[in-house]
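One structure is given here, and the rest of the page talks about it.
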Amino acid sequence: MSTGTSAKAALVRGQTMADPIAMEVFSNRLLTITEEMGNTLIRSSFSTNIKERKDCSVGLFDRHGRLVAQASHIPLHLGSLRGSVKATLERFPAENMRPGMSFISNDPYLAGGTHTPDIALVTPMFADGELCFFTANIAHHSDVGGSVPGSISANARTVFEEGIRLPPLLIMEDGKVREDLLDLIVQNTREPEERSLDLRVQIATNEQGNAALRGLTAHMGLSAVEQAVEDILAYTARRLQMRIDALGNARGTFTCYLDDDGSGGDPVPITTTVWVENGRLVVDFAGTGPQAKGALNVSASALEATVFYSAKALLDPQLMPNEGMMQSIEIRAEKGIIVNAQFPAATGARSITCQKIARSIFGAFRSILPADRLMASGNDDLPTVVFSGRHARREGTYVYLETLGGGGPATGRTDGMNAVHVHVTNTSNLPVEALENEYPLMVDAYALVERSGGAGRQRGGLGLVRQVTSLQDGTIFSARSDGQKHAPTGVAGGCDGLPARLYLDYGLPGEKILPSKVTHLTLNHGENIRIETGGAGGLGDPTERPATAVQTDLDNGFIAPEDLSLYGRG
Amino acid sequence: MYRIGVDVGGTFTDFTLLNETDGEVKFHKVSSTPSDPSDAILIGIREMLEKFGVDSGRVNFIGHGTTVATNLVIERRGARAALITTRGFRDVLEIGRQTRPHLYDYQVQNPPVLVPRARRFEVSERMNRDGEVLRALDMAEVDAVIDKIIACGAVAVAVCFLHAYRNPAHEAAVRDRLHERAPGLYVTASSDLLPEFREYERLSTTVLNAYSGPRMQTYLDRLAANVHSLGSTVVPYTVHSNGGLMSIPTVRQFPVRTCLSGPAAGVVGAAVVAKEAGFDNVVTFDVGGTSTDVSVIVDGRPQFTSNRTVADYPVKTPMIDIHVIGAGGGSIAWMDDAAALKVGPQSAGAVPGPVAYGRGGTLPTVTDANVILHRLSPQALLDGKLKIEEAAAREVVTQKVASPLGLSVEDAAIGILRIANANMGRAIRSVSTERGHDVSKFALMAFGGAGPLHACDVAAECGIPTVIIPREPGTMCARGILLSDISLDFVRTCIMPATAQSWAAAQQNFEEMRREGAAWLDGENVASAMRRFVQLVEARYEGQNFEVAVPVPPDAAVSLGAFLADFAAAHRAGYGYDITDRQVEIVNCRIKAVGLVPKPHNDFRPEGVGTLAEARIGVRTVVFSTTSGRVTTPVYERGRLPPETDCAGPAIVEEMSSTTVIPPSAKFYVDAAGNIIITNIKASQ
């Protein structure tokens, strides 16, 4: 797989803006539109996933399907709307589109999706009868059918177990929703009423974006708008090109491992090699393990999003997400490996693998970046735990899902942050008091894992521990996590962080360590689950850490007296 | 008798003097004194009383807005504090919501934890969600922790246990033991400050309160002494973040409630002034040197939130919903390495400030662009007190912006303003739509020193049709203080499905909270005829994790059915839909105890007003756009503009604290209350 053709770098470097001031003003106006669309989507949706975890994104595309602006709330969506727009345009050529149409899709293979719960809506925008733009949005629905509630199971064998598959479909025509089709879709999910509500909100979100774009086009004139679009893309491309040119001829390679492929078995290597070739940044995954039997597979769109996220974070965090930042990056990944899985591989749990892809890319850049921009590895696991059972105070069953943060990487200038999400996600926790009010569960501890951050001149961030006790018999527990077998590595003389751990009945007579993926474990009253997420690697020689910082770490219990020797003190 | 409103800002301290007998309002402004903000208050009041010939004995009220607590947090100058919490949870303060502050930049860090881990102590105790004791508090352990706290030199202690909002017994026991064993310690228990569920936000608020408490007390003591030294017996009030007034004893106990003090008063004042001018739906636009505050007024009422941060730390006490944008007159214009022009977020602040102020600034700012275009006076501001160096502004904009872009210095300055206005406009639209409002149905009320300079351009950028400029916009927050009432908010978390039985329990809650509120109003010496209670229930559909506020009038018996109907309506208004037959869950009961303060009509009595021509004090050649060239524009003195007279742009209107720019195509008039109302604002290109 490759994006774009090579040898465009010279062209990119030479691109200039017609009017930098108009470009800056215009980019604010576009961001106003994407922010308004994002606000509407989040405010009006029902799903917790969309409303509170903000697992959704919106984007604007030009008539050629080039991404012009995006508001993304999680990096895993960066650029992933492009796949949906491209697939839609392939199935419904632009010349056949008419005002009042809107298209729906989700499939990782038929529609450029990343996993089935992410449903995309693409709507063409017309002004004076002419196709000018597309608005698009994507949202993670809490269920799209399939073998398990939530539609994601680490050991799903094919995409057919992951709920309804939608190739690009015409969901709205002449401004009217095709109710029979919508009904077919929502009746294939576990909560048809909520799905219907949220899909209508997604359709309305694009409508609102189109209205705003029509206002902008009418106000500025189409040709001024088109010029400003070219300026924005040229500016972004040139800015990224400068960052790539600064890398010189360096080359870096790095391998990290998934504990297993979702259905047990051996660790799966993810190898990334990066170099600059003809002015383009090449990210090559040769050496990466084969696609998984379980659901840890990554589709083309999810791989692209992870590569774009990594490039932005490593090279220029302020870079605007648009087509301009994508044309100078070339991804090479042969078909059939875990980062470019082929039909009908399951992809539901792709985010764990995407975290490892990011770890691998960040690792490969270690030998390329200047010292102050280096980063160790963090808690790149995205552990997800799910408890379910009978509601204690009302009818029916509950499902409580939580993703956990861990150690943030030490960087060239800063210690790693303690207990945060890294890389492709950044979602909030559920407060202990909210959890205990809602579910028959009790939290015994929510704390930092002492001594889990790797030593270094800059210390790695600490992982966190959450221990939950079941208050009734028959609580079902599942976990999709990773990072037990391989520690987050330090860099430039920094030490590794502590790997992750998962326990059953911690501190009780039957205490035992669980593997990183657990399905349908039954907990009885008083039994507990304890998850300890990984710390992060440190950066630089620990003996160079200032004495005051070491003492503060000791006072705070981040390190113990027996760790002092690592820092050359003790 | 006279009433004084004071707003202490970072650069200036503003004053408003109201004559209760005839409603006349006067304004004054002095430089702030950051080392002890109460000094500027003393100096300013003294100057103002002298200037207007008022005896200090005739002042019967002083209210002030202060940034002391906020600055203690921003500058990390708060007390050495400790925390006592439930075993297993001392790191909640550090974990927070486990999110990182920037998605892509790992060198952007979460703010430092105000109580480091070494001073966070755990004791064995536990309650469940119903407030039942699962594990009794071990007082021997508590005593051992108190020994450690004394030993570590902490002067303030936050006490926060899980589910203490439901049963405060353990927190109260620890608080009382702290008072008994170490009476000098400043102690805040979460259940006294904010008995509301969600532990991290409650904990963070409690810690901020303890952290800012000791120094806030010192400040309040000096303030009271300074006011006393004026020969006044008045005890000053402080505006809290919810736009109400609190007495000194209440502020001593709850300093964290003053975090948005001045800006909140500005919004309260704006709501009153706008309503009197006939505008119920208003976006407030308060532009200062380093930041801009935006807030939405709906149906004449400020909007509230209990979900925001102060200096990136969550504070859960109810506040006026003000959104702060990092853009103001001091925002710096700069070229990035890929040849794009950016404005902000870096600011030259008050020091060194814009180049044109001649205080050592060396980088081009938004203010410098305004000077170059003669929107701001190229000679002097603040009634001549601040000299302007136009040539220096032109030179720096030429060098840093115009030459690299190949533009004239005027076009470069226009470019800086266009980008700054686009930034501000985007924030206004985002704030409004996030809360479900359509800005085209709102008027923009601009204040703060720089608001009126940008108001018409920003309104054009956002599609807002009308602009309101109140009198002396640079002192609006001080004026708002005189339009505020005494108030305090109470909350109680009681999570339960809305049934006939639980509805009765909620009423019971309200009754108890009204008693608490009445006791507080007793302490504030509020007469019974002047007391009001505002009640609301925060509720949600079962399964949701966010709440919708539903007003529940205290004086009428509201039935469960009526409440459920109101809830559905509020959910529709906020989120666009409601769900029939889905169980509603009550989460929080909130009550605001209000003591009404007499607010004489704000009478506008222009002096020396004649014709429009007589208000004209000069002419400037102003640049309005890249195609306008320099337009000969009349400059008017605000106080002499004739009311109810139709006028047309272009025009510049000057007054002591601000300058208003009215573009060529716009119309304007001064209304009966002295506000400038600007209409016919054309969308910008």
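First to last, the sequence lines map onto chains A and B. Residue numbers are given in the numbering used here: position 2 of the first sequence equals residue 15, and the series is strictly consecutive. Residue numbers are given in the numbering used here: position 474 of the second sequence equals residue 518, and the series is strictly consecutive. Don't be surprised by glycine CBs; every beta carbon is placed ideally from N, CA and C.
query                                                                                                                     : result
Neighbour flag for Val628 of chain B against chain A, beta carbons, 8 Å                                                   : no
Rounded separation between Val25 of chain A and Ile369 of chain B - CA only                                               : 34 Å
Ala208 of chain B - DSSP class collapsed to helix/strand/coil                                                             : coil
Chain A contact for Thr725 of chain B (CB, 8 Å cutoff)                                                                    : As written in the sequence, residue 725 of chain B is Ile, which differs from the Thr given in the question. Answer no: the Cβ-Cβ gap between Ile725 of chain B and chain A never drops below 8 Å.
Residue closest to Asp244 of chain A, alpha-carbon to alpha-carbon, out of A:Thr136, A:Gly300 and A:Glu336                : A:Glu336
Residue range of the alpha helix (DSSP H) that includes Asp501 of chain B                                                 : Gly495 to Cys506
Member of B:Tyr585, B:Phe554 and B:Arg141 whose CA lies at the smallest distance from the CA of Pro597 of chain B         : B:Phe554
Test: Asp457 of chain A CB closer than 8 Å to a CB of chain B                                                             : yes
Beta-carbon spacing of Thr171 of chain A, Ala359 of chain A below 8 Å                                                     : yes
Gln142 of chain B at chain A interface by Cβ criterion, 8 Å                                                               : yes
Three-state class that DSSP yields for Leu44 of chain A in the structure shown                                            : helix
Proximal chain A residues relative to Leu385 of chain B, where beta-carbon distance stays under 7 Å                       : Pro33, Ile34 and Glu37
Cβ pair Gly374 of chain B, Thr334 of chain B closer than 8 Å                                                              : yes
Segment contact, 8 Å Cβ cut-off, at least three pairs: the segment 182-202 of chain A with the segment 107-120 of chain A : yes
Ala308 of chain A, buried or exposed, once every other Cβ within 10 Å from all chains shown has been counted against 16   : buried
Residue-level contact to chain A via CB, Gly322 of chain B, 8 Å cutoff                                                    : no
Chain-ordered neighbours of Ser27 of chain B on chain A, where CB pairs are closer than 8 Å                               : Only positions 45 to 729 of chain B appear in the structure, and residue 27 of chain B is not among them; the question remains open.
Whole-angstrom distance between Pro555 of chain A and Tyr411 of chain A, CA atom to CA atom                               : 47 Å
Per DSSP, cross-strand counterpart(s) of Lys525 of chain A                                                                : A:Leu517
C-beta atoms of Val456 of chain A and Leu477 of chain A nearer than 8 Å                                                   : no
Phe348 of chain B burial status per 10 Å Cβ neighbour count (16 or more: buried)                                          : buried
Where Arg470 of chain B meets chain A, residues with beta-carbon distance less than 9 Å                                   : Asn41, Arg42, Leu44, Thr45 and Glu48
Rounded straight-line distance, which links the Cα of Ala254 of chain B to that of Asn262 of chain A                      : 55 Å
Boundaries of the beta strand (DSSP E) in which Asn104 of chain B is found, first to last residue                         : Val103 to Gly109
Paired residues, beta bridge with Ala460 of chain A - DSSP                                                                : A:Val478
Spatial distance of Gly109 of chain B from Ile530 of chain B (CA atoms)                                                   : 13 Å
CB contact below 8 Å: Val81 of chain A versus chain B                                                                     : no
Chain B residues whose Cβ lies nearer than 7 Å to that of Arg251 of chain A                                               : Ala382
Opening and closing residue of the beta strand (DSSP E) in which Arg438 of chain B lies                                   : Arg438 of chain B -> not in any beta strand (DSSP E); alpha helix (DSSP H) instead, spanning Glu434 to Val441.
Cβ distance (whole Å) where Arg470 of chain A is taken to contact Leu511 of chain A below 8 Å                             : With a Cβ gap of about 19 Å, Arg470 of chain A and Leu511 of chain A do not count as contacting.
Best match in B:Gly518, B:Glu64 and B:Glu688 for proximity to Met700 of chain B [C-alpha to C-alpha]                      : B:Gly518
Cutoff 7 Å; reference Leu580 of chain B; Cβ partners in own chain excluding five residues on either side                  : Ala593, Val594, Pro595, Val596 and Arg634
Delimiting residues of the alpha helix (DSSP H) encompassing Asp83 of chain B                                             : Pro81 to Lys95
Ser234 of chain B, enclosing alpha helix (DSSP H) - first and last residue                                                : Ser234 to Leu237
Supposed contact pair Ala107 of chain A and Leu144 of chain A - C-beta distance, whole angstroms, cut 8 Å                 : 6 Å
Among A:Ser209, A:Leu179 and A:Pro181, the one whose alpha carbon lies nearest that of Glu192 of chain A                  : A:Ser209
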